Amino acid sequence: MKEESTRDVDFPVLGGPPGNGAGAVHSRAHFRAGADPDPLEIYLGEIKKNPILTRTEEQRWARQLSEARRCKIALLRDAVETVVVLQGCRPVDVQLFNQNSLYEAVHLDEALKMHKRIKRLQHLRDTAQRASDRKKYTRALLKREQDFCDSLSRVHINELQSWETCLQEQLGRLSVSGRARSALRRLHEIWQQLCDVEPRLREARQVLIKGNLRLVVSICRHYKTRAASFRDLVQEGNLGLIRAVEKFDGRKGFRLNTYASWWIRESINRAIEEKSRVIRIPVYVNEKYYKIRKASVQALQDEGHELTVADLARHLRIPAREISRILTAFKEPVSLDSSPVGDIAPLENYLSDGKPSALEVICSETIREKAAAIIDTLLPREAAILKMRFGLDDEAEKTLEEVGEMFKVSRERVRQLESKALRKLRRNNELRTLLSLLVKA
Numbered sequence: 221m222k223e224e225s226t227r228d229v230d231f232p233v234l235g236g237p238p239g240n241g242a243g244a245v246h247s248r249a250h251f252r253a254g255a256d257p258d259p260l261e262i263y264l265g266e267i268k269k270n271p272i273l274t275r276t277e278e279q280r281w282a283r284q285l286s287e288a289r290r291c292k293i294a295l296l297r298d299a300v301e302t303v304v305v306l307q308g309c310r311p312v313d314v315q316l317f318n319q320n321s322l323y324e325a326v327h328l329d330e331a332l333k334m335h336k337r338i339k340r341l342q343h344l345r346d347t348a349q350r351a352s353d354r355k356k357y358t359r360a361l362l363k364r365e366q367d368f369c370d371s372l373s374r375v376h377i378n379e380l381q382s383w384e385t386c387l388q389e390q391l392g393r394l395s396v397s398g399r400a401r402s403a404l405r406r407l408h409e410i411w412q413q414l415c416d417v418e419p420r421l422r423e424a425r426q427v428l429i430k431g432n433l434r435l436v437v438s439i440c441r442h443y444k445t446r447a448a449s450f451r452d453l454v455q456e457g458n459l460g461l462i463r464a465v466e467k468f469d470g471r472k473g474f475r476l477n478t479y480a481s482w483w484i485r486e487s488i489n490r491a492i493e494e495k496s497r498v499i500r501i502p503v504y505v506n507e508k509y510y511k512i513r514k515a516s517v518q519a520l521q522d523e524g525h526e527l528t529v530a531d532l533a534r535h536l537r538i539p540a541r542e543i544s545r546i547l548t549a550f551k552e553p554v555s556l557d558s559s560p561v562g563d564i565a566p567l568e569n570y571l572s573d574g575k576p577s578a579l580e581v582i583c584s585e586t587i588r589e590k591a592a593a594i595i596d597t598l599l600p601r602e603a604a605i606l607k608m609r610f611g612l613d614d615e616a617e618k619t620l621e622e623v624g625e626m627f628k629v630s631r632e633r634v635r636q637l638e639s640k641a642l643r644k645l646r647r648n649n650e651l652r653t654l655l656s657l658l659v660k661a
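Residue numbers (the numbering used here): 221 to 661.
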């Protein structure tokens with residue numbers, strides 16, 4: 221979603237090369253002075269040149285943004301309706317839409333699925349007898365329509381153009397009905413109208429974003445954390461500002477900076493949560509942990525004792541196993557270089573060594589040699605089969621079929637030879653003695 225929101229936004233990027241104009245002059249001045257240019261200083265110098273919008277200007281640009289967005293969604297909704305018409309042109313035109321490349325070129329397939337669900341929900345709502353059923357279907361319908369609009373807003377005009385061009389190429393090679401030709405002409409008209417709407421939408425979005433970049437810097441100055449640098453916080457705050465502009469509705473009367481402040485802080489806080497720990501914990505786990513801590517603190521204040529895991533699971537309706545896993549994840553990791561209380565040696569000195577000792581290595585080699593000598597008392601083919609089947613020659617274990625292919629016999633014959641060899645070993649006195657020693661060890 222971030223990629224879709226930021227690809228049409230043109231504002232200075234921290235760490236990137238400054239653009240032409242004042243930014244480039246500022247950068248050249250740094251080079252002439254013999255010092256390396258600081259990307260943060262260049263960025264702050266760039267955003268100071270952006271004028272702060274007055275309430276009247278902000279309302280005008282917000283109105284243009286809302287109108288352009290509504291117009292784009294309406295046109296794309298019409299495009300989906302046109303695609304539905306084209307899909308209904310059967311059987312001559314069905315090969316137009318049997319190509320996955322068309323749907324790979326754009327994101328209209330998601331919108332088409334939602335369109336069908338909306339039609340089905342509308343039918344269910346209209347035919348529902350009880351008022352409660354109608355209310356339920358109405359809520360579901362509103363949710364689907366919102367998702368539908370969000371999916372349409374992610375459709376880019378260049379993608380629609382490539383899709384329309386592909387259809388025109390198919391049109392030249394196929395014999396299509398008049399209904400399909402009319403729908404294709406309508407699709408071309410929609411694309412031309414979108415070419416007029418998209419620049420106005422992009423212009424309004426960029427003006428509103430550039431006019432509030434200094435707000436992001438102002439909010440970031442209140443965060444002092446080692447988890448992320450100031451430059452990273454500004455970048456995350458800019459993403460929150462872009463998200464706020466996408467969702468801003470100027471008709472409600474409040475200023476954009478009031479609305480965007482929450483989104484900027486939310487984006488910064490999420491970035492800090494993701495980067496503040498040595499071992500990254502997902503954001504959704506952080507949110508559940510804060511719910512658990514809040515419930516524990518509330519119970520401690522009201523009842524004088526902390527809740528157990530079972531009580532938390534019952535109160536928060538979260539499985540007890542998941543609560544235990546979350547609480548364990550938030551325990552601070554212990555460094556191996558740290559020393560236990562009252563001790564000088566580091567903690568790593570007290571950890572058990574998983575490597576075998578020299579005595580264990582010698583015993584293992586002796587047992588391996590004796591076992592190999594016992595197996596060699598069998599017939600050569602029987603000994604080879606056992607070594608292949610159990611990987612005794614430091615090789616991977618082989619299946620009956622693989623061993624049969626090597627000896628040019630069936631897998632059943634290999635199984636018979638293996639069983640015969642094992643019976644011989646069970647009667648071997650040396651092997652019995654070796655096994656008794658291993659059991660005692």
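Where a beta carbon is used, it is the ideal one built from N, C-alpha and C, also for glycine. Note that this is a predicted model, so its numbers are computed, not measured.
Inter-stretch contact (C-beta, 8 angstroms, three-pair minimum) for the region 450 to 459 and the region 476 to 496: yes
Close Cβ partners of Leu295 (< 8 angstroms) along its chain, the five nearest in sequence each way excluded: Ile410, Gln413, Leu414, Val417
Three-state secondary structure assigned by DSSP to Lys618: coil
Stretch pair the region 276 to 288 + the region 459 to 477: three plus CB contacts closer than 8 angstroms: yes
Assigned exposure category for Ala480 - 16 Cβ within 10 Å defines buried: buried
Three-way DSSP call (helix, strand, coil) for Val503 in this model: helix
Beta-carbon gap between Gly473 and Ile272 smaller than 8 angstroms: no
DSSP state of Ala447 mapped onto helix, strand, coil: coil
As assigned by DSSP and simplified to three states, the class of Phe550: coil
Of the residues Thr597, Ala288, Ser496, Ile587, the one placed nearest Arg422, counting alpha carbons only: Ala288
Helix, strand or coil at Ser438 [DSSP, three-state]: helix
Cβ shell of Met608 (< 6 angstroms), same chain only, five flanking positions each side left out: Lys618, Val623
Endpoints, the alpha helix (DSSP H) within which Pro600 is located: 600 to 610
N-terminal and C-terminal residue of the alpha helix (DSSP H) that Gly265 is part of: 259 to 267
Simplified DSSP state of Asp452, which is helix, strand or coil: helix
Per-residue burial, Gly524 [other beta carbons within 10 Å of its own, 16 or more giving buried]: exposed
For Ile543 and Leu532, believed in contact at Cβ under 8 angstroms, the rounded distance: 5 angstroms
Through-space distance from Glu277 to Met221, alpha-carbon basis: Low local confidence applies: a pLDDT of 44 at Met221 is under 50, so the model's placement there is unreliable, and no value is given.
Limits of the unbroken alpha helix (DSSP H) element including Val634: 631 to 646
Reduced DSSP category for Arg475 - H, G, I as helix; E, B as strand; rest coil: coil
8 angstroms Cβ cutoff met for Leu606 and Glu632: no
Neighbourhood of Glu586 by C-beta distance below 7 angstroms, restricted to the same chain and skipping five residues each side: At residue 586 the sequence reads Thr, which differs from the Glu that was named. Hits under 7 angstroms: none found.
Distance between beta carbons of Glu494 and Val503, contact taken as under 8 angstroms: 6 angstroms
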